[in-house]
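In the working numbering, the protein residues as written are 231 to 536. Ideal placement from N, C-alpha and C gives every residue a C-beta, glycine not left out.
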Amino acid sequence: MENITKFVSELKNKKLNKVRTAEKLLNLGFSAKEIKDELNVSKEINTNKILGFALIIISIVIYFYSKLHYINFFKSGYFSEAHLLTLNERILKPTLVFSLIILGVNLIFNRLSINKSVKAIFIVILGVYSISVLSYNAIIFPFIFGIIALILISFVKLPNKQMSIEMGEIFPYLNKKWKGSSIYIFIIFGAVLIYNPYAEHLFVKSNINSFSTNLDSANTFLFYLQKFLFYGGLIIAFLLSFDFSKFKISLYILILFSIITIVIRIFQDLKYLDGLSFNSLSSGSVFLIISAITFLVKNKTFANTL
231 MENITKFVSE LKNKKLNKVR TAEKLLNLGF SAKEIKDELN VSKEINTNKI LGFALIIISI
291 VIYFYSKLHY INFFKSGYFS EAHLLTLNER ILKPTLVFSL IILGVNLIFN RLSINKSVKA
351 IFIVILGVYS ISVLSYNAII FPFIFGIIAL ILISFVKLPN KQMSIEMGEI FPYLNKKWKG
411 SSIYIFIIFG AVLIYNPYAE HLFVKSNINS FSTNLDSANT FLFYLQKFLF YGGLIIAFLL
471 SFDFSKFKIS LYILILFSII TIVIRIFQDL KYLDGLSFNS LSSGSVFLII SAITFLVKNK
531 TFANTL
């Protein structure tokens with residue numbers, strides 16, 4: 231032990247991290263058990279767990295901080311400040327909040343790393359949200375909160391490359407694979423779109439506000455379908471973030487009810503309107519179907535890499 235302590239001390243002076251130190255010690259002929267005991271790997275602080283708590287906190291702050299001070303709010307155009315406000319506050323913000331909370335829970339309880347695809351998706355969404363919020367809000371705090379979340383995501387560790395058996399014994403958590411899938415973010419987006427009536431301002435250019443005043447049985451059924459796709463979608467997203475293979479059957483349920491929703495919407499449009507409309511309920515259902523089918527078809531590749 232004295233010998234290994236001497237080498238560890240020398241390697242620390244070279245400012246090597248524990249993984250590089252362990253590799254050097256293995257090359258010098260020390261056993262995995264000796265190295266693990268000497269480096270106190272079991273007592274090492276998991277920074278990703280700390281980041282998980284931080285992501286949950288910042289996501290809650292982003293959600294509840296809603297003070298707005300409009301800039302040129304009444305400018306016309308499809309990409310006006312009004313549309314950016316709707317996109318950010320009613321769609322991107324809840325999508326980010328739910329997705330970040332689920333990611334934080336995963337980092338705390340389920341895994342110690344995040345894959346490149348999930349990280350890239352969050353960087354894009356947070357980047358769009360943080361930059362576009364400046365176009366309609368003079369208050370700088372939402373932008374700052376978005377940037378903080380972006381920085382936290384950038385610090386979350388990616389999985390290490392395949393290591394030797396000995397290195398796996400020393401750092402077992404580094405070889406832990408994520409069993410979830412990034413589809414959970416897409417499902418959350420679709421669920422938010424379905425349940426958000428304000429989303430119609432983005433995707434519908436009709437002055438007819440659906441058929442909400444018609445209280446027949448079909449509309450009542452649609453009302454409950456909307457709630458099911460939202461709350462059920464969030465639950466399914468949470469399950470798929472932990473284990474895609476185990477819970478992928480839930481995607482078939484999501485597809486089935488999304489198709490039923492679209493079919494009823496078509497019949498309702500033909501019954502009450504002059505033609506077909508494409509509101510948030512329809513667009514969200516279509517998005518869920520496309521996302522679910524894409525990930526089911528590609529599950530052999532996407533289940534572990536996305």
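Between the Cα of residue i and those of the options, spot the shortest distance and give me the residue it belongs to.
i    : options                : result
N278 : I344, I485, T450, K528 : I344
G410 : I287, L511, T235, K478 : K478
L469 : P372, S510, A262, I417 : I417
F328 : Y414, I490, L526       : Y414
I538 : L337, N336, L322       : Since the displayed the chain opens at 231 and closes at 536, residue 538 lies outside it and no answer follows.
G259 : I234, I280, I383, G463 : I234
F525 : V493, I485, I492       : I485
Y454 : I494, T325, S475, I288 : I494
G463 : S521, F497, L380       : S521
W408 : F474, I383, F283, Y295 : F474
Y295 : Y482, I370, T316       : I370
I361 : K254, L500, L314       : L314
I523 : V422, I378, I483       : I483
A350 : I383, K476, L500       : I383
Among the residues of its own chain, which have a CB less than 6 Å from the CB of residue i, if the five just before and after it don't count?
i    : result
V348 : S412
V363 : N318, P372, F373
P324 : V422
I378 : I288
I338 : K279, G282
K476 : none
V577 : Nothing about residue 577 can be read from this structure; the chain reaches only from 231 to 536.
Going by the CB atoms, is the gap between residue j and residue i shorter than 8 Å?
i    : j    : result
F517 : G376 : no
Y488 : I466 : The question names Tyr, yet the displayed sequence has Ser at residue 488. No.
L281 : V386 : yes
G334 : F283 : yes
I286 : I331 : yes
I355 : L388 : no
K248 : L269 : yes
Once the 5 residues before and after residue i are set aside, which same chain residues still bring their CB inside 7 Å of it?
i    : result
I424 : Q456, L459, F460, S510, L511, G514, S515
I519 : I485, S488, I489
L380 : I353, L356, G357, S360
K346 : L388
T450 : none
R250 : none
In the DSSP assignment, find the unbroken alpha helix (DSSP H) run with residue i in it and report its ends.
i    : result
Y295 : First-last for Y295: undefined, no H or E at that position.
Y414 : 413 to 425
E319 : No alpha helix (DSSP H) contains E319, which DSSP labels as neither H nor E.
V363 : Run containing V363: none; DSSP gives neither H nor E here.
K407 : Where K407 is concerned, there is no enclosing alpha helix (DSSP H), given that its DSSP letter is neither H nor E.
E261 : First, the amino acid is wrong: residue 261 is Ser here, not Glu. Careful: S261 lies outside any alpha helix (DSSP H) and carries neither H nor E.
F328 : 323 to 335
L469 : 463 to 472
V386 : That residue, V386, is in no alpha helix (DSSP H); it is neither H nor E in DSSP.
L518 : 510 to 527
K457 : 447 to 457
What residues in its chain sit with their C-beta under 8 Å from that of residue i, if we drop five residues either side in the sequence?
i    : result
L452 : T491, I494, R495, Q498, L511
F472 : N336, N340, K409, G410
A448 : I494, F497, Q498
V291 : F375
Y359 : N318, L322, K323, L326, G376
Y293 : K323, P324, V327
Below 7 Å, is the gap between the Cβ of residue i and the nearest heavy atom of the ligand FMN?
i    : result
T491 : Ligands in the displayed structure: none, and consequently the ligand FMN is not present.
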